[in-house]
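For this note's numbering, add 11 to where a residue sits in the sequence shown, where the first one is 1.
All residues carry an ideal CB built from backbone N, CA and C; glycine is no exception.
Remember, it's a predicted structure, so these values are computed and weren't measured experimentally.
Below is one structure; the comments refer to it alone.
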Amino acid sequence: TEAIRLGTEALKIEEKVLGKEHPDYATLLSNLALCNSDLGNYTEAIRLGTEALGIRERVFGSEHPDYATSLSNLAGYYSDLGDYTKAIRLETEASEIFERILGKEHPSYATSLGNLANYNSELGNYTEAIRLGTEALSIRERVSGKEHPDYASSLNALAGYYDYLGNYTEAILLGTEALEIREKVFGKEHPDYATSLNNLANCSAHLGNYSEAIRLGTEALNIRERVFGKEHPNYAMLLNNLANYYDYLGNYTEAIRLGTEASEIYERVLGKEHPDYALSLNTLSNCSYYIGNYSEAIRLETEALEIREKVFGNEHPDYATSLNNLVVYTFWSKQYEEAAQYSISATQVNGKIIRTTFADLTASERALFWDQYSDWYESSLPELAYYIQNDSLTATAYDGTLLSKGLLLNSETEMSKLLLESGDTAVVDKYYALQGNRAVLNKLYEKPIAERRMNTDSLESVIKAQEQELVRLSKVYGDYTKNLSIGWREVQARLGEKDAAVEFLSFGARNDSVMYVALTLTKEDDVPRLVPLFEEKELDSIAKSDYYTTNEISRFVWQPLEDVLRGKENIYFAPAGELHNIAVESVPCFEGEGLMSDRWSLYRLSSTRELALIKDRNELRSACVYGDLSYDMSLEDLVENGAQYAGINTKRGSDWEVANIADTLSLRGAIRKLPPLPGTKAEVESVGRSLRSQNISSALLTDTAGTEASFKALNGRRTSILHLATHGFYWTESEARRKGLDAMSLLSNDNNGAKYVEDKMLTRSGLFLAGADKAFDKSVKLPEGVDDGILTAKEISTLDLRGLDLVVLSACETGLGEIKGDGVFGLQRGFKKAGANTLVMSLWQVADKPTQELMSQFYQNLADGMTKYEAFRTAQGYLREKYPEPEYWAAFILLDAVD
């Protein structure tokens, strides 16, 4: 206020002495504009800033830094009014002038980049905001150093963008650094210090620490009040944030009081068409909903939706938030048709946001971002479709399922394929360098901190930069997210008259149970259909020993579908929840004799999206067959075998360090000695004969040859078939602890553990290869760089196994893993990430001799010209006749066997 008084007096003097066309007069106008902006008088700021811009253009022309500065200032004022598109246009022009005149290493250019980052963030373009903000941060570090307030501003802004993407850990790290700098430079009474406090409060709230959020937010509010007073938009923003924190804690009275005060300030200062006013309406609508006033919640959120659509359009995250809220409010007020329409719109907008944002994210960033949307697709949308009988909503639920099932896995595999098949050797080399560093990082995380030879944080930074570069490069060769757009009509187009597609879904029911439903699709359907099935507690009432001897499972899973599947022969189904762990294709039929696979041909798929992705049958050229392994081979042979494969993939990660899993994860003592599998000798010999009869080049790796080192040497070799007859394992976290693996770093929640949840889960499943006994012998210390014979799913996932059409895991429990909405996190995920197509896996411990006979028959059927599905089912039928007990033949399942 005092600045405006003094500046206005100076302006009058300048006008009298120098006139209105002098650059000093323009400077005073610009300063007054900034002061008005700081007070929230954005309209006046635009008037003054526009006048200053005109003078500078007339005096200096449009290629002058002062002209660019005026453009940049105006961009900020328009941003404050919510016109982010105009702000980006003006700031882009300013940044280009700064670059031409001052160069890319100038603070003004960095400031302009930072502003562009902010405006992109407001429009929901968070990845672009991070790119621009990171560039600005780097310039400011080089030019001003890490103790400068501009550097702190960049840190704080980046913290906000990462917060929006769901990467709260990174946001807190950056925000805390910014806070410390601002405290040193400005002290604790500066508005920028309050801004940092506010960012950290938001992160704390997102992590569920609402008490800390309230503490930080209140401190920030008090600072803002002392500096700006209560009639400022920034004060209102902090009030609104505090209202949200109290709302989360269930203190709705305080939340409504604070939210109402914020809303009234926004209305007076910014008017009713501003997105910040809409934000306050959104807060108040939430409070109204939680106290049961649904009509008021709907009124407020509808008004917020209309404002957001005017300002942002209908593809912005804030617009999606309003739609999602209206779904909830209308549903609970029993306005089901309105709830259905809002659900359809919300799903469409969410899908666009996910596809657009995914295109610029790394794998770990995609996982964090998906966390913000997964509940909608995996729980809310199926539940709404179940309770609201609406054809359009059912169709939307099917599309949502196609998007969400295997979303992260599909994105990662498509990205890898795009890069590796780009034809650009430099890009391919960069990809292998990234995978090599990931393998090294995996090894480091499996060691105690004291034994790590390099800093994991530094290596993670390198990996992140490598992956970000590859994400940018991938856009030259295509769109790796294109499969996320596949809808039910594309699936239907691939169905024949005798075919049906079934997507099983599970979601939380109102009575604290889990409900299962099926979405079905046939050639003649106008829209998909939804069929209720059962609650999980009904499955719990059946003894697992009765799954394959009674028709209880088929009564729950298949009988409700009898009418919609009548007249069909081929059923393509994608399981969900506990159905991943049950061979539902091999359970007794719900009527008459025989199995469900006798009634229909049942194809198990990762997602029925696979039907829309069917390619020509792969040419089978080469195979590797593992079996009859020497688990107790000598240490000398193990070292010699490792040396044999050293350097075999020089171009593709030969410097990968080997993870001695058992030694570092305290597996020793959990298993003393692996028993031999004599049946695997006849199995691999039979498999080899069958493959050779098809002129498929086959390598039999038996005895001491079938080591972990030999397996990793398959990296980039384009092997067509991989058969592994050995011991397998899968342990839940609790089982691993019971087995004495509580020292396993990837099981723990401390800082020694792997950073990402997927890594932890993929480490608890794997295969034992030749020499694995040495891992359990406490008297043996494996030399550095020698594999321990324990091949985990995580290690498999880092390999390039493209071209691998068929993987047969002839071992125990190879189909098990942690069940998430994105699929089963076990060996199948490891192989899928590596590039495998079809997998044969087991759901429980299997007997040696019957398994050998099943596999021999399966390959003989393939040699006779059968498809993979026909060969597998015929082999299972053969075994059923010889060994009627399901424990001998029902354990194995076939995944994604479509040609």
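Taking residue i as part of the beta strand (DSSP E), name the residues at either end of that continuous run.
i: residue 829; result: 828-831
i: residue 768; result: No beta strand (DSSP E) holds residue 768; the alpha helix (DSSP H) holding it covers 768-774.
i: residue 943; result: There is simply no residue 943 to check, as the chain begins at 12 and stops at 910 in what is shown.
i: residue 636; result: 633-640
i: residue 318; result: Taken as a continuous stretch (DSSP letters only), residue 318 belongs to no beta strand (DSSP E), being part of the alpha helix (DSSP H) at 305-323.
i: residue 399; result: Segment: none, residue 399 is in no beta strand (DSSP E) and carries neither H nor E.
i: residue 710; result: 708-714
i: residue 906; result: 903-906
Would you call residue i buried or exposed, if buried means 16 or more other Cβ atoms sit within 10 Å of its Cβ?
i: residue 447; result: buried
i: residue 150; result: buried
i: residue 824; result: buried
i: residue 746; result: exposed
i: residue 114; result: exposed
i: residue 302; result: exposed
i: residue 465; result: exposed
i: residue 460; result: exposed
i: residue 666; result: Because the pLDDT of residue 666 is 27, which lies under 50, any placement of that residue in the model is unreliable, and the number read from its coordinates should be weighed accordingly. Classification of residue 666: exposed, given that the 10 Å Cβ count is below 16.
i: residue 857; result: buried
i: residue 29; result: exposed
i: residue 522; result: exposed
i: residue 819; result: buried
i: residue 400; result: exposed
i: residue 762; result: Unreliable positioning characterises residue 762 in this predicted model, as indicated by a pLDDT of 36, which lies under 50. A coordinate reading is not provided.
i: residue 80; result: buried
i: residue 382; result: exposed
i: residue 74; result: exposed
CB-CB under 6 Å to residue i, same chain, minus the five flanking residues each way: which ones, in chain order?
i: residue 643; result: 784
i: residue 715; result: 641, 644, 648, 781
i: residue 586; result: 515
i: residue 508; result: 534
i: residue 190; result: 207
i: residue 477; result: 445
Got a sec, what are the start and stop residues for the alpha helix (DSSP H) residue i sits in?
i: residue 217; result: 202-217
i: residue 341; result: 328-343
i: residue 32; result: No alpha helix (DSSP H) holds residue 32; DSSP gives it neither H nor E.
i: residue 519; result: Careful: residue 519 lies outside any alpha helix (DSSP H), inside the beta strand (DSSP E) at 510-519.
i: residue 372; result: Counting along the chain, residue 372 falls outside any alpha helix (DSSP H), and DSSP gives it neither H nor E.
i: residue 698; result: 690-704
i: residue 787; result: Run containing residue 787: none; DSSP gives neither H nor E here.
i: residue 168; result: 160-175
i: residue 222; result: 221-239
i: residue 644; result: That residue, residue 644, is in no alpha helix (DSSP H); it is neither H nor E in DSSP.
i: residue 469; result: 467-485
i: residue 383; result: No alpha helix (DSSP H) contains residue 383, which DSSP labels as neither H nor E.
i: residue 346; result: First-last for residue 346: undefined, no H or E at that position.
i: residue 60; result: 53-71
Spatial neighbours of residue i within its chain, please: CB distance less than 7 Å, with the 5 preceding and 5 following residues excluded, ordered by chain position.
i: residue 713; result: 638, 639, 640, 695
i: residue 206; result: 167
i: residue 384; result: 361, 365
i: residue 254; result: 266, 269, 270, 273, 294
i: residue 176; result: 137, 376, 379, 380
Can you name, in chain order, every residue of its own chain whose Cβ lies under 8 Å from the Cβ of residue i, other than the five neighbours on each side?
i: residue 25; result: 33, 35, 36, 39
i: residue 486; result: 370
i: residue 288; result: 274, 277, 278, 281, 282, 318
i: residue 200; result: 234, 237, 238
Length at least 4, wholly inside the region 531-615: the alpha helix (DSSP H) runs in chain order: 547-551, 563-568, 607-610
Stretch-stretch touch, CB-based, cutoff 8 Å, three pairs: the region 492-507 with the region 597-614: no
contact_flag[the region 579-596, the region 558-568] where n(CB pairs < 8 Å) is 3 or more: yes
Secondary structure, alpha helix (DSSP H): runs of 4+ residues fully inside the region 114-141: 118-133
Start-end ranges of the beta strand (DSSP E) lying completely within the region 791-870, minimum 3 residues: 801-803, 817-821, 828-831, 834-837, 849-853
Inter-stretch contact (C-beta, 8 Å, three-pair minimum) for the region 338-349 and the region 298-311: yes
Three or more C-beta pairs below 8 Å linking the region 412-431 and the region 827-838: Contact between the region 412-431 and the region 827-838 is present, with at least three C-beta pairs closer than 8 Å.
At least 3 beta-carbon pairs within less than 8 Å: the region 370-385 vs the region 345-360: Touching, no.
Segments of 4+ residues assigned as alpha helix (DSSP H) that fall wholly inside the region 246-293: 263-280
Cβ contact check for the region 868-886 and the region 791-811: 3 or more pairs under 8 Å: no
Inter-stretch contact at 8 Å, needing at least 3 Cβ pairs: the region 886-905 / the region 715-726: no
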